[in-house]
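Okay, so the sequence shown: first residue is 12 according to our numbering, each after it adds one. Heads up, the beta-carbon is just placed ideally off N, CA and C, and yes, glycines get one too.
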Amino acid sequence: MVKKLLHTRYRVADLEKTVSFYRDVLGLQEIRRQTSGRGSQLVFLKAPESDEEIEICKFDESGPIVVGPDLTHLAFEVDDIEQFARDSAKKGYPLSDGPQPNGKGGAIAFMDAPEGYEIELIQRAKA
Numbered sequence: 012m013v014k015k016l017l018h019t020r021y022r023v024a025d026l027e028k029t030v031s032f033y034r035d036v037l038g039l040q041e042i043r044r045q046t047s048g049r050g051s052q053l054v055f056l057k058a059p060e061s062d063e064e065i066e067i068c069k070f071d072e073s074g075p076i077v078v079g080p081d082l083t084h085l086a087f088e089v090d091d092i093e094q095f096a097r098d099s100a101k102k103g104y105p106l107s108d109g110p111q112p113n114g115k116g117g118a119i120a121f122m123d124a125p126e127g128y129e130i131e132l133i134q135r136a137k138a
């Protein structure tokens with residue numbers, strides 16, 4: 012049996028543009044960089060209140076990157092989805108959908124990260 016989820020990997024063509032998005036737009040912390048034994052360039056990031064990491068991987072030898080629609084996304088909690096939307100749009104990353112009320116006093120929205128990966132934003136209901 013597994014013990015816990017450690018990280019999720021997303022392979023990208025433009026490592027620095029993608030890392031900049033996760034760090035400067037979403038506010039993730041860069042934890043470490045390394046090169047794997049096979050030559051993959053890896054950058055690990057995490058949200059301030061999370062233990063799980065996201066591994067951004069550049070490995071051109073694997074061929075072209077094909078991101079399928081509706082295959083995967085990362086979901087992040089935000090305090091104020093409207094403010095987040097304004098701030099991210101100023102940085103060149105507008106929402107692609109929403110925000111929409113989720114029927115529970117909160118809201119959800121979506122945006123596209125570099126390379127075509129989808130990001131879900133969730134604002135929980137105020138207590």
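Below 8 Å on the Cβ atoms is my guess for Gln111 versus Ala100; work out the distance and round it to an integer in Å. Contact flag wrong, Cβ pair sits at about 17 Å.
Which first and last residues belong to the beta strand (DSSP E) in which Phe87 is found? His84 to Glu88
N-terminal and C-terminal residue of the beta strand (DSSP E) that Ile92 is part of: Careful: Ile92 lies outside any beta strand (DSSP E), inside the alpha helix (DSSP H) at Ile92 to Lys101.
Could you tell me which of Gly114, Arg135, Pro105 and Lys137 sits nearest to Asp123, measuring between CA atoms? Nearest C-alpha to Asp123: Pro105.
Could you give the distance in angstroms between the alpha-carbon of Lys28 and the alpha-carbon of Lys137? A direct Cα-to-Cα measurement between Lys28 and Lys137 gives close to 34 Å.
Lys15 burial status per 10 Å Cβ neighbour count (16 or more: buried): exposed
If you measure between the beta carbons of Glu89 and Leu132, is that distance less than 8 Å? Before going further, note that residue 89 is Val rather than Glu in the sequence given. It is a contact, given that the beta carbons lie within the stated cut-off.
Can you tell me whether DSSP reads Arg34 as helix, strand or coil? helix
Given Cys68, which residues of its chain have a CB within under 6 Å of its CB, disregarding the five upstream and five downstream residues? Closer than 6 Å at the Cβ level, and outside the excluded window around Cys68, lie Arg20, Arg22, Ser51 and Leu53.
DSSP three-state assignment for Leu17, whether helix, strand or coil: coil
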